[in-house]
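Enquirer: To start, I am sharing the structure in question, which I have written as structure tokens.
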Amino acid sequence: MTIPRFHSVTAKQAVATVAVVLVLSLAGSLLELFFDWHAMRDQIRAQMPQILDTVEGSAVEAAYQLNPGLAAKVVDGLLGYGIVVGGRLTDNFGDLLAERNRGQEAAAGPVADMLFGDISTYTRELAKIGGGGRTVVGKLDVRLSSRAIAGGFYGRALVNAALGLVRSLGIVALVVGIFYVMITRPLVRLAQVVAQVDPAHPGTHLVARLKGHGDDELGQLVDSLNALLESSQAGLDQRDQAQSELTALAQTLERRVAERTRELEAAGEEIRSLNNILKAENVRLGTELEVSRRIQQMVLPTRIELAGISGLDVAAYMEPANEVGGDYYDILHGEGGRVRIGIGDVTGHGLESGVVMLMTQSAVRTLVTSDEPDAVRTLDILNRTIFQNVQRMGCEKNLTLALLDYRPGPAEGAEGAAGHLRVSGQHESVIIVRRGGAVELVDTMDLGLPLGLVDDVGPFIAETTIALEAGDTVVLYTDGVTEAADNRHQLYGLERLCQVVADHWPADADAIKEAVVADVKRHIGDQPLYDDVTLIVLKQNVPTAQRMYLA
Amino acid sequence: MQIVVSGENYSVEWDSETRTAALAGILRLNGLEEYAPISRFLSEAVPAGSMTLDLRRLEFLNSSGIAMLSKFVIEIRNRKTVDLGMVGSKAVAWQGKSLPNLCKLMPTLDMQIV
Chain H
296 MTIPRFHSVT AKQAVATVAV VLVLSLAGSL LELFFDWHAM RDQIRAQMPQ ILDTVEGSAV
356 EAAYQLNPGL AAKVVDGLLG YGIVVGGRLT DNFGDLLAER NRGQEAAAGP VADMLFGDIS
416 TYTRELAKIG GGGRTVVGKL DVRLSSRAIA GGFYGRALVN AALGLVRSLG IVALVVGIFY
476 VMITRPLVRL AQVVAQVDPA HPGTHLVARL KGHGDDELGQ LVDSLNALLE SSQAGLDQRD
536 QAQSELTALA QTLERRVAER TRELEAAGEE IRSLNNILKA ENVRLGTELE VSRRIQQMVL
596 PTRIELAGIS GLDVAAYMEP ANEVGGDYYD ILHGEGGRVR IGIGDVTGHG LESGVVMLMT
656 QSAVRTLVTS DEPDAVRTLD ILNRTIFQNV QRMGCEKNLT LALLDYRPGP AEGAEGAAGH
716 LRVSGQHESV IIVRRGGAVE LVDTMDLGLP LGLVDDVGPF IAETTIALEA GDTVVLYTDG
776 VTEAADNRHQ LYGLERLCQV VADHWPADAD AIKEAVVADV KRHIGDQPLY DDVTLIVLKQ
836 NVPTAQRMYL A
Chain W
4 MQIVVSGENY SVEWDSETRT AALAGILRLN GLEEYAPISR FLSEAVPAGS MTLDLRRLEF
64 LNSSGIAMLS KFVIEIRNRK TVDLGMVGSK AVAWQGKSLP NLCKLMPTLD MQIV
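Heads up: the protein sequence lines correspond to chains H and W, in order.
If you're matching positions, the first sequence starts at 296 in my numbering and goes up one per residue.
If you're matching positions, the second sequence starts at 4 in my numbering and goes up one per residue.
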């Protein structure tokens with residue numbers, strides 16, 4: 296950046312110095328003039344009486360003798376002084392003895408009059424000292440030229456002013472020069488060096504020490520400036536470093552975000568695929584539930600089969616739990632009014648329980664069809680079949696199973712009964728409600744063991760026989776009935792079941808079944824069914840001959 | 004007495020001094036898989052010597068639970084190193100009909116129904 300010449304520090308400094316010096320020298324000159332003026336007046340005041348003293352003797356003689364010639368010589372003598380422009384000598388009567396005026400005296404001008412007008416006239420009284428004392432003989436008037444006096448004064452003043460001006464200019468030149476050399480020039484150099492400093496890299500070129508200013512204020516200024524530049528460079532370096540670190544961080548962050556996004560996408564993909572698997576699993580489970588339910592339902596005896604049974608009034612009910620519990624029952628009627636009934640409960644729920652139930656149904660039916668007469672042998676074969684299959688399935692299921700064999704008429708060696716029921720295998724107690732409502736329970740605990748639990752149940756199998764009279768009711772059930780729970784986990788219970796059956800003893804099998812189912816449902820209320828509910832009601836019919844007799 | 008297994012409505016406590024496992028509450032778990040923590044604890048609790056199973060406060064045990072107990076009893080019977088005793092309650096319905104089976108499975112089982 297260039298600065299106009301008249302705006303430079305040197306020019307400003309010169310102008311200021313000139314102004315100050317001129318004012319000061321003007322004041323000095325005026326003061327000098329004043330003292331000059333004073334000195335000049337004092338000189339004239341001192342000089343004039345001496346001049347008059349020198350001519351006084353001759354003037355007194357001329358006035359005393361009334362001698363105009365002498366008077367003229369005196370006055371002419373006075374006019375020999377350059378500053379005297381007029382002289383006049385008169386006697387004591389006022390008569391003029393001699394008068395001289397210097398030629399054409401130009402007007403003095405108001406300034407000269409003001410300066411010296413008051414001292415331009417002198418009068419000396421002329422007296423002759425004799426025997427009779429002092430006698431005034433005349434008067435001498437002298438007139439001085441203000442102009443002549445002022446002219447000398449002016450000349451000296453002019454010289455003084457000129458000298459003052461020269462002195463002032465000299466001082467100005469000296470001051471400006473010294474100032475320029477000592478301060479302005481180093482400053483200008485400094486400014487140039489500073490101007491060359493690269494703002495982006497202030498620390499690369501430091502300002503050189505000024506020659507001869509190592510330890511003065513300029514040296515300190517250079518040092519401070521260099522310190523400032525260095526600290527500024529350090530700040531810039533730190534900023535650059537921070538910026539590069541920040542950039543690196545931002546890049547790392549971007550990379551991480553990208554990685555994380557990829558991970559999230561992968562996770563999302565995994566979640567979606569898991570979700571699909573879950574959906575598929577749900578579908579599979581739903582299908583499995585449905586399959587289990589159908590397996591269980593599809594092998595149950597039909598209504599038509601039940602209706603075809605004579606001699607026994609039979610009603611059956613099964614409601615599977617949401618997750619099928621593996622309840623089993625079957626009612627098969629054979630020759631001569633014989634009815635074979637199986638009822639059981641596979642442990643656990645779901646497809647495996649359903650399969651074990653199906654397996655049991657087939658095995659029981661096979662044995663019934665092959666007409667195996669020995670209960671122990673039947674249950675033993677069933678147990679082995681199921682135990683080995685369950686081992687193969689690796690599902691550790693087992694089941695309670697009771698087999699009932701009904702035949703019309705009394706048992707062998709007994710008399711008079713309308714029918715009889717042989718029971719073997721361990722399951723829930725068999726309820727018998729006699730005609731009139733009396734309740735009997737046949738415990739099956741000692742008739743067997745759960746099947747599928749151990750490989751040999753033979754030693755635990757036993758058989759018992761129940762004689763049935765016309766109107767007697769037999770109720771078979773699974774624990775889904777007696778263990779049906781209400782919302783306070785109060786179980787329905789065997790006692791209540793017996794009571795309901797007893798209360799309805801005159802009704803037919805179907806009505807008794809309905810009464811029990813309704814009561815159980817009342818009990819559980821809005822609770823879900825935890826287990827399959829199975830109920831079989833058998834009622835010994837009145838034999839045809841007896842019915843006719845009763846009628 | 005420390006609780007070794009517990010669930011929503013049940014707990015299994017172990018008293019190492021008397022070597023007694025006490026089952027309490029209502030056990031209605033689904034299948035032997037869900038009974039695995041309990042059966043594992045029972046079969047590992049005592050390698051040899053006496054052991055008592057206190058079932059008096061077990062109000063309900065479903066058929067899977069009874070199967071679990073049966074298998075435990077068979078395992079102890081086959082192991083022949085543990086003198087197993089059980090305490091049941093007449094007041095609890097399922098125990099009356101199921102505990103005798105356990106005696107059938109293991110004739111040396113010391114069953115007390117009080």
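C-beta: ideal position from N, C-alpha, C; glycine also.
The structure displayed is predicted, hence computed values, not measured ones.
(1) With three or more beta-carbon pairs closer than 8 Å as the criterion, would you say the stretch 607 to 625 of chain H touches the stretch 821 to 840 of chain H?
(2) Give me, in chain order, the residues of the same chain whose beta-carbon lies closer than 7 Å to that of W/E78; leave out the 5 immediate sequence neighbours on both sides.
(3) Shortest alpha-carbon distance to H/D640 belongs to which of H/D750, H/R551, H/D625?
(4) What distance in whole Å lies between the Cβ atoms of W/Y38 and W/L28, which are believed to be in contact at a cut-off of 8 Å?
(5) Could you list the residues in the stretch 85 to 98 of chain W with a C-beta less than 9 Å from some C-beta on chain H, going in chain order?
(6) At the 8 Å Cβ level, is W/R31 part of the contact set with chain C, yes or no?
(7) Quick test of the definition: if touching needs 3 or more C-beta pairs under 8 Å, does the stretch 67 to 87 of chain W touch the stretch 750 to 765 of chain H?
(8) Output yes if chain W places a C-beta closer than 8 Å to the C-beta of H/Y701; else output no.
(9) Between H/L742, H/G820, H/A813, H/V769, which lies nearest to H/V832 when the distance is taken from Cα to Cα?
(10) Helix, strand or coil for H/I831? Go by DSSP, reduced to three states.
(11) Can you give me the C-alpha to C-alpha distance between H/I727 and H/E735, rounded to a whole angstrom?
(12) Tell me which residues of the stretch 562 to 589 of chain H have at least one Cβ-Cβ distance to chain W shorter than 8 Å, keeping chain order.
(13) Which full runs of the beta strand (DSSP E) of 3+ residues lie inside the stretch 389 to 470 of chain H, going along the chain?
(14) I'd like to know if W/I77 contacts chain H, where contact means its C-beta is closer than 8 Å to some C-beta of that chain.
(15) Any residues in the stretch 640 to 659 of chain H with a beta carbon nearer than 9 Å to a beta carbon of chain W? Which ones, in chain order?
(16) Could you list the residues in the stretch 665 to 688 of chain H with a C-beta less than 7 Å from some C-beta on chain W, going in chain order?
(17) Would you list, in chain order, the members of the stretch 7 to 37 of chain W that have their beta-carbon closer than 7 Å to a beta-carbon of chain H?
(18) I need the DSSP call for W/G52, collapsed to helix, strand or coil.
(19) Please work out which residues of its chain come closer than 6 Å, Cβ to Cβ, to W/R43, disregarding the five sequence neighbours upstream and downstream, and give them in chain order.
(20) Return the chain-ordered list of same chain residues with a C-beta closer than 6 Å to the C-beta of H/Q794, the five sequence neighbours on each side being excluded.
(21) My guess is that W/V7 and W/E16 are in contact by the Cβ rule of under 8 Å, so how many angstroms apart are they, rounded?
(22) Distance, Cα to Cα, H/A846 vs H/A733?
(23) Just to confirm my understanding: we take H/G514, look at its own chain, exclude 5 residues before and 5 after, and list those with CB closer than 8 Å. What are they?
(24) To the nearest angstrom, how far is the alpha carbon of H/R679 from that of H/D750?
(25) Any beta carbon of chain H sitting closer than 8 Å to that of W/N104?
(26) Tell me whether H/T479 sits in a helix, a strand or coil according to DSSP, three-state version.
(27) H/N693 touches chain W at which residues, Cβ-Cβ below 8 Å?
(28) Mind listing the chain W neighbours of H/H818? Cutoff is C-beta to C-beta under 9 Å, in chain order.
(29) Round the Cβ separation of H/H496 and H/Q528 to the nearest angstrom and send it over; I've been treating them as touching at under 8 Å.
(30) For H/R429 and H/K423, I'd like the C-alpha separation in whole angstroms.
(31) Evaluate contact between the stretch 792 to 812 of chain H and the stretch 560 to 576 of chain H, counting only Cβ atoms and requiring at least three cross-stretch pairs below 8 Å.
(32) With 7 Å as the C-beta to C-beta threshold (strictly closer), list the residues of the stretch 607 to 638 of chain H near chain W in chain order.
(33) Where does H/A846 fall in DSSP's three states?
(34) Counting Cβ pairs closer than 8 Å, one from the stretch 588 to 598 of chain H and one from the stretch 683 to 702 of chain H, do we hit at least three?
(35) For chain H, find out if any of its Cβ atoms is closer than 8 Å to the Cβ of W/K107; answer yes or no.
(36) Should W/I116 be flagged as near chain H, meaning a C-beta pair shorter than 8 Å?
Expert: By the coordinates alone:
(1) Counting Cβ pairs under 8 Å, three or more are found: they touch.
(2) Only S46 meet the Cβ criterion.
(3) The shortest C-alpha separation from H/D640 is found at H/D625.
(4) The sequence shown places Gly at residue 28 of chain W, rather than the Leu named in the question. Taking the Cβ atoms as the reference, W/G28 lies roughly 14 Å from W/Y38, outside the contact range of under 8 Å.
(5) Identification of residues in the stretch 85 to 98 of chain W having a C-beta nearer than 9 Å to some C-beta of chain H yields A96, W97, given in sequence order.
(6) Among the protein chains of the structure shown, namely H and W, there is no chain C.
(7) With contact defined as three or more Cβ pairs closer than 8 Å, the stretch 67 to 87 of chain W and the stretch 750 to 765 of chain H are not in contact.
(8) Not flagged as an interface residue toward chain W: H/Y701, since no C-beta distance is shorter than 8 Å.
(9) Looking from the CA of H/V832, the closest CA among H/L742, H/G820, H/A813, H/V769 belongs to H/V769.
(10) Strand.
(11) Whole-angstrom Cα-Cα distance: 5 Å.
(12) Taking 8 Å as the Cβ-Cβ cut-off against chain W, none of the residues of the stretch 562 to 589 of chain H qualify.
(13) The beta strand (DSSP E) runs lying completely inside the stretch 389 to 470 of chain H and spanning 3 residues or more are 391 to 396, 416 to 425, 428 to 439, given in chain order.
(14) The beta-carbon of W/I77 is placed less than 8 Å from the nearest beta-carbon of chain H.
(15) Those would be D640, V641, T642, G643, H644, G645, E647, S648, in chain order.
(16) So nothing in the stretch comes that close.
(17) Those residues of the stretch 7 to 37 of chain W that come within reach of chain H (Cβ to Cβ, closer than 7 Å) are I29, R31, N33, G34, L35.
(18) Here W/G52 sits in strand by DSSP.
(19) In its chain, beyond the 5 residues on either side, no residue has a beta carbon closer than 6 Å to the beta carbon of W/R43.
(20) If the five residues before and after H/Q794 are omitted, its C-beta is found closer than 6 Å to no C-beta atom of its own chain.
(21) That belief holds up - the Cβ atoms of W/V7 and W/E16 are roughly 7 Å apart, short of 8 Å.
(22) Per-residue confidence for H/A846 stands at a pLDDT of 49, beneath the threshold of 50, marking its modelled position as unreliable; the derived number appears in the next sentence. When rounded, the distance between both Cα atoms is 24 Å.
(23) If we look at H/G514 and ignore the five residues flanking it on each side, its Cβ neighbours are R504, L505, H508.
(24) Inter-residue distance for H/R679 and H/D750 is about 6 Å (C-alpha atoms, whole angstroms).
(25) Yes, because at least one Cβ of chain H sits closer than 8 Å to the Cβ of W/N104.
(26) Here H/T479 sits in helix by DSSP.
(27) Residues of chain W passing the Cβ test: A70, S73.
(28) Residues of chain W passing the Cβ test: none, with the nearest at roughly 15 Å.
(29) Contact holds; Cβ gap of about 7 Å.
(30) Roughly 6 Å separates the two Cα atoms.
(31) Under the 8 Å Cβ criterion, the stretch 792 to 812 of chain H does not count as touching the stretch 560 to 576 of chain H, having fewer than three qualifying pairs.
(32) Cβ contacts with chain W come from no residue of the stretch 607 to 638 of chain H.
(33) At H/A846 the pLDDT is 49, less than 50, meaning the model places this residue with poor confidence and gives no usable figure here.
(34) No contact exists between the stretch 588 to 598 of chain H and the stretch 683 to 702 of chain H.
(35) So, interface residue.
(36) Cβ-Cβ to chain H under 8 Å: no for W/I116.
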